[in-house]
Amino acid sequence: MTSQAFSQLLAKLGKQSLYVLEPSIPKSDYVALDLSVTNTALQAVDISSSETLEAYINQHIKANNAKVAYGGYLETRNIYQRSSYFNDTNPDTERNIHLGLDFWIAADTPIYTPLDAEVHSFKNNTNFGDYGPTIILKHHIDTFEFYTLYGHLSLASIEHLKVGQQFKQGQQIATLGDASVNGDYPPHVHFQIIKDLQGYVGDYPGVCSKNDLEFYRGNCPDPEMLLV
């Protein structure tokens, strides 16, 4: 599967009304959120604190009369510097480029699969700053096979899950976790599209280094093609 053919498939699927959050929330109630190193407003925010960052995000949502904040694909972020799991003193190998699309909304919010799927794997990734409970779904569309990853979920989301379990498009698969279980972040879902899972089970890099960016850009295309 070439990157171009995969992008064409995603663009075709994206013409439908696909969603991972409650479909009754109109797109007009979503507001873009910039958590990049170029956002000077973050210089006054202690982004190492999940409580402080959550207050900043909630204020951004409120100020824009929105219900959901979203964004982050290929965004270079400082937030990962607080964790040794990502941190590196070499700017070329430090993992700080975000590979998914984040949707910031309250804990316990239901999460849905945008496509027919089966459970490939799931895991509680407990490193500080990691995904916490994570689900990876496998999709077969036409002749294509690919995956979607859902990170920062609640523990209940993976409690009774089974590998191979089937879900229909639009069916609830999970709920969002809070900072106590989701890697110590404000509540949000990390949604990522993956062409080749490279043998990973219940996990896949959601943040990459500058050196690896071109590979991951091709293997993890922009989720907005599918959802927005």
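Sequential numbering of the sequence shown, starting at 896, is according to this note's numbering. Yeah, the Cβ is synthetic: ideal placement off N, Cα and C, and Gly gets one too.
Terminal residues of the continuous beta strand (DSSP E) containing residue i?
| i | result |
| --- | --- |
| Asn1020 | 1012-1020 |
| Leu1032 | 1027-1036 |
| Glu1054 | Premise fails: Glu1054 lies in the alpha helix (DSSP H), 1051-1054, not in any beta strand (DSSP E). |
| Thr1043 | 1039-1046 |
| Thr1070 | 1067-1070 |
| Tyr1007 | 1005-1007 |
For the alpha helix (DSSP H) holding residue i, just list the boundary residues, first then last.
| i | result |
| --- | --- |
| Asn1114 | 1108-1114 |
| Ala1086 | What sits at residue 1086 in the sequence shown is Phe, not Ala. Where Phe1086 is concerned, there is no enclosing alpha helix (DSSP H), although the beta strand (DSSP E) it sits in stretches over 1083-1089. |
| Tyr1080 | Note, Tyr1080: premise wrong, no alpha helix (DSSP H); not H, not E. |
| Asn953 | 945-958 |
| Leu1122 | 1119-1122 |
| Ser898 | 898-908 |
For residue i, collect the residues of the same chain with a Cβ closer than 7 angstroms to its Cβ; drop the 5 residues on either side in sequence, then sort them by chain order.
| i | result |
| --- | --- |
| Leu928 | Ile952, His955, Ala964, Tyr965, Gly966, Trp999 |
| Asn1106 | Asp987, Thr988 |
| Arg972 | Leu930, Ser931, Val932, Asn991, His993 |
| Ala1051 | Thr1070 |
| Asp1117 | Tyr968 |
| Cys1103 | Arg990, Ile992, Leu994, Tyr1111 |
| Cys1115 | Leu994, Gln1087, Ile1088, Ile1089 |
Per DSSP, residue i forms a beta bridge with which residues?
| i | result |
| --- | --- |
| Ile992 | Thr971, Cys1103 |
| Ala927 | Tyr965 |
| Asp997 | Gly966, His1085 |
| Phe1062 | Ala1012 |
Rounded to whole angstroms, what is the Cα-Cα separation between residue i and residue j?
| i | j | result |
| --- | --- | --- |
| Glu917 | Ile1006 | 7 angstroms |
| Ser944 | Asp1037 | 44 angstroms |
| Phe1039 | Tyr1026 | 27 angstroms |
| Ala939 | Ala1001 | 23 angstroms |
| Phe1041 | Phe1023 | 28 angstroms |
Sorted by chain position, which residues of the same chain lie with C-beta nearer than 6 angstroms to residue i's C-beta, five sequence neighbours on each side aside?
| i | result |
| --- | --- |
| Leu1048 | Pro1028, Ala1069, Gly1072 |
| Met1120 | Leu905, Ala906, Gly909 |
Less than 8 angstroms between C-beta atoms, sequence neighbours within five positions excluded: which residues of the same chain meet that for residue i?
| i | result |
| --- | --- |
| Leu1122 | Gly909, Leu913, Tyr914, Val915, Leu996, Pro1009, Phe1086 |
Validate contact between the region 1069-1082 and the region 1093-1111 using beta carbons, cut 8 angstroms, 3 pairs: no
Contact the region 1063-1072 vs the region 934-941: 3+ CB pairs below 8 angstroms: no
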